[in-house]
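Note sheet for the following structure.
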């Protein structure tokens, strides 16, 4: 039960507009740095980064 | 003018190589978990990113085909999917206004009336986050996306 409540609380987290945009921007910077070091998007995907999938 | 040859590497993940030998990556990232206030449209909200995989952008001469190719990728993505795309201009090097101008120019040159673009900006700390919503004009959730995007910028605490 505790796990379900915790999951529900996490799911209901609210973000402000600037938090959303800054999160997107932070991800962008992280990916850019990863690519600059010779990394690939495939590697990030394997690590669990939520790239789009069909 | 024709776009560069677009390679689809994976779903929603494309690349192309310019005449100067620079390889660009174009990809879409799902952000449904950030839009909890909008459960109906959240699964359809993506961010668009453009990055360089190989080569240096600073050495790139003015190449109109890059913008044409990027516009084609976004346009086809929005035609094939009922998604909305948010684009944020990177501000880490304080060149966000240059990126915005370039992105605006690309969109204007390839504007065929199918894609709606809405621009907003918010101030965060010492920088400005220019962000745009891109959506197909016939998207069934068009009004909901636009409302959410406008609220996203209005809700900013740092504005």
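Chains as they are written, first to last, in our numbering: chain A, 21 to 74; chain B, 311 to 469. Backbone N, C-alpha and C fix where the C-beta goes; we use that ideal spot for every residue, glycine too. Only a predicted model underlies this, so the values are computations on that prediction, with no experimental measurement involved.
Three-way DSSP call (helix, strand, coil) for residue i in this model
| i | result |
| --- | --- |
| residue 320(B) | strand |
| residue 444(B) | strand |
| residue 328(B) | coil |
| residue 361(B) | strand |
| residue 458(B) | helix |
| residue 335(B) | strand |
| residue 437(B) | strand |
| residue 373(B) | coil |
| residue 432(B) | strand |
| residue 425(B) | strand |
| residue 420(B) | helix |
| residue 311(B) | coil |
| residue 47(A) | helix |
| residue 451(B) | coil |
Under 8 Å between C-beta atoms of residue i and residue j
| i | j | result |
| --- | --- | --- |
| residue 38(A) | residue 434(B) | yes |
| residue 425(B) | residue 444(B) | yes |
| residue 313(B) | residue 378(B) | yes |
| residue 398(B) | residue 44(A) | yes |
| residue 325(B) | residue 333(B) | yes |
| residue 401(B) | residue 439(B) | yes |
| residue 393(B) | residue 41(A) | no |
Identity of the residues DSSP links to residue i by a beta bridge
| i | result |
| --- | --- |
| residue 356(B) | 340(B), 395(B) |
| residue 384(B) | The partner list for residue 384(B) (beta bridge, DSSP) is empty, contrary to what the question assumes. |
Spatial distance of residue i from residue j (CA atoms)
| i | j | result |
| --- | --- | --- |
| residue 320(B) | residue 356(B) | 16 Å |
| residue 22(A) | residue 33(A) | Residue placement at residue 22(A) cannot be trusted, given a pLDDT of 49 that sits under 50; what the coordinates show is reported in the next sentence. Their backbone Cα atoms lie some 17 Å apart in a straight line. |
| residue 345(B) | residue 354(B) | 10 Å |
| residue 374(B) | residue 347(B) | 39 Å |
| residue 381(B) | residue 462(B) | 24 Å |
| residue 387(B) | residue 61(A) | 19 Å |
| residue 48(A) | residue 56(A) | 12 Å |
| residue 406(B) | residue 436(B) | 12 Å |
| residue 350(B) | residue 341(B) | 13 Å |
| residue 460(B) | residue 362(B) | 30 Å |
| residue 427(B) | residue 65(A) | 29 Å |
| residue 372(B) | residue 390(B) | 30 Å |
| residue 412(B) | residue 329(B) | 19 Å |
| residue 414(B) | residue 67(A) | 34 Å |
| residue 327(B) | residue 337(B) | 15 Å |
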